[in-house]
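Going down the list, the sequences are from chains E and F. The first sequence begins at 3 in the working numbering and counts up by one. The second sequence begins at 11 in the working numbering and counts up by one. C-beta atoms are modelled at their ideal positions from N, C-alpha and C, and glycine is treated no differently. Just so you know, these numbers come straight off a predicted model, no measurement behind them. Just below is one structure, and these are the notes that go with it.
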Amino acid sequence: AQRVTQPEKLLSVFKGAPVELKCNYSYSGSPELFWYVQYSRQRLQLLLRHISRESIKGFTADLNKGETSFHLKKPFAQEEDSAMYYCALSGTGNTPLVFGKGTRLSVIA
Amino acid sequence: GAGVSQSPSNKVTEKGKDVELRCDPISGHTALYWYRQSLGQGLEFLIYFQGNSAPDKSGLPSDRFSAERTGGSVSTLTIQRTQQEDSAVYLCASSLLGQPQHFGDGTRLSIL
Numbered sequence: 003a004q005r006v007t008q009p010e011k012l013l014s015v016f017k018g019a020p021v022e023l024k025c026n027y028s029y030s031g032s033p034e035l036f037w038y039v040q041y042s043r044q045r046l047q048l049l050l051r052h053i054s055r056e057s058i059k060g061f062t063a064d065l066n067k068g069e070t071s072f073h074l075k076k077p078f079a080q081e082e083d084s085a086m087y088y089c090a091l092s093g094t095g096n097t098p099l100v101f102g103k104g105t106r107l108s109v110i111a
Numbered sequence: 011g012a013g014v015s016q017s018p019s020n021k022v023t024e025k026g027k028d029v030e031l032r033c034d035p036i037s038g039h040t041a042l043y044w045y046r047q048s049l050g051q052g053l054e055f056l057i058y059f060q061g062n063s064a065p066d067k068s069g070l071p072s073d074r075f076s077a078e079r080t081g082g083s084v085s086t087l088t089i090q091r092t093q094q095e096d097s098a099v100y101l102c103a104s105s106l107l108g109q110p111q112h113f114g115d116g117t118r119l120s121i122l
């Protein structure tokens, strides 16, 4: 079965502290992994995808196939990073996304 | 327009009524998806269109839910005989082949 698990509903960190949002997945085959973010009163938007291997807004995520994880990391959190973060997976091609339940990140000044 | 457009942004209706939700995808995007976001359930897939056909309807929760897409563009999600458990935010997304999905703002549906 396809499943995405985000174990933390809420994560609070101080500004300047490192952030790690956890994501584990279950999938038969080779999935594509994504992180989507939803800022307050804005639409859901793509933050990054594993195949592009790029850093967006200082965030990175490495796909660990052995641990079936795709954790999102940032070395120094900023207040504007406060948002809802969703980890998601899909198969190849135009297949629907399977989302985790999301983690709300709160960065405290 | 520049992004996925959904209407109405909010809909309040009485239990038992039918509702129609509309999605205008990004121009040229062949794939269109409907998801539902409800408290405690997170984001759930409903149905996916490639062009005007729907190869995956596996997420529709009951036969009260249906969707169509015409001209490879606009899509309508219809919920018949609404129930209180249908209250949620309904999200539409579109994409090019093999590319990430772009989401609309959603329609917040409240069933009284």
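- DSSP state of Asp-96(F), grouped into three classes? Along the second sequence, read from residue 1 onward, the residue named residue 96(F) stands at position 86. Of the three classes helix, strand and coil, the one that applies to Asp-96(F) here is helix, per DSSP.
- Partner residues on chain E for Pro-71(F), Cβ-Cβ distance less than 8 Å: Here residue 71(F) is taken as the residue at index 61 of the second sequence, counted from 1. Chain E residues near Pro-71(F): none, gap ~15 Å exceeds 8 Å.
- Query: Is Ser-85(F) close to chain E, meaning its C-beta is less than 9 Å from at least one C-beta of that chain?
  - Reply: Reading the second sequence from its first residue, position 75 is the one you call residue 85(F). Answer no: the Cβ-Cβ gap between Ser-85(F) and chain E never drops below 9 Å.
- Query: Using a beta-carbon distance below 9 Å, is Gly-31(E) in contact with chain A?
  - Reply: Looking at the structure shown, chain A is missing, and the protein chains on hand are E and F.
- When we look at the beta-carbon of Thr-94(E) and count the other beta-carbons within 10 Å, is it buried (16 or more) or exposed? For the purposes of this step, residue 94(E) is taken as the residue at position 92 of the first sequence. With fewer than 16 Cβ atoms within 10 Å of its Cβ, Thr-94(E) is classed as exposed.
- Keeping to the same chain, check which residues put their C-beta closer than 7 Å to that of Tyr-2(E); ignore five residues upstream and five downstream. Not covered by the structure: residue 2(E). The range shown for chain E is 3 to 111.
- Item | Whether Ala-79(E) touches Val-109(E) by CB criterion (9 Å) | For the purposes of this step, residue 79(E) is identified with residue 77 of the first sequence, where counting begins at 1. For the purposes of this step, residue 109(E) is identified with residue 107 of the first sequence, where counting begins at 1. A contact, by the Cβ cut-off of 9 Å.
- Task: With DSSP collapsed to three states, give me the class of Asp-83(E).
- Result: To locate residue 83(E), count along the first sequence from 1; it is residue 81. Asp-83(E): helix per DSSP, three-state reduction.
- Chain-ordered neighbours of Phe-36(E) on chain F, where CB pairs are closer than 8 Å: As a working note, residue 36(E) is residue 34 in the first sequence. Within 8 Å Cβ-Cβ: Pro-110.
- Task: Note down, in chain order, all residues in the stretch 38-64 of chain F with a beta-carbon under 7 Å from any beta-carbon belonging to chain E.
- Result: Ala-41, Tyr-43, Gly-52, Leu-53, Phe-55, Tyr-58 and Gln-60
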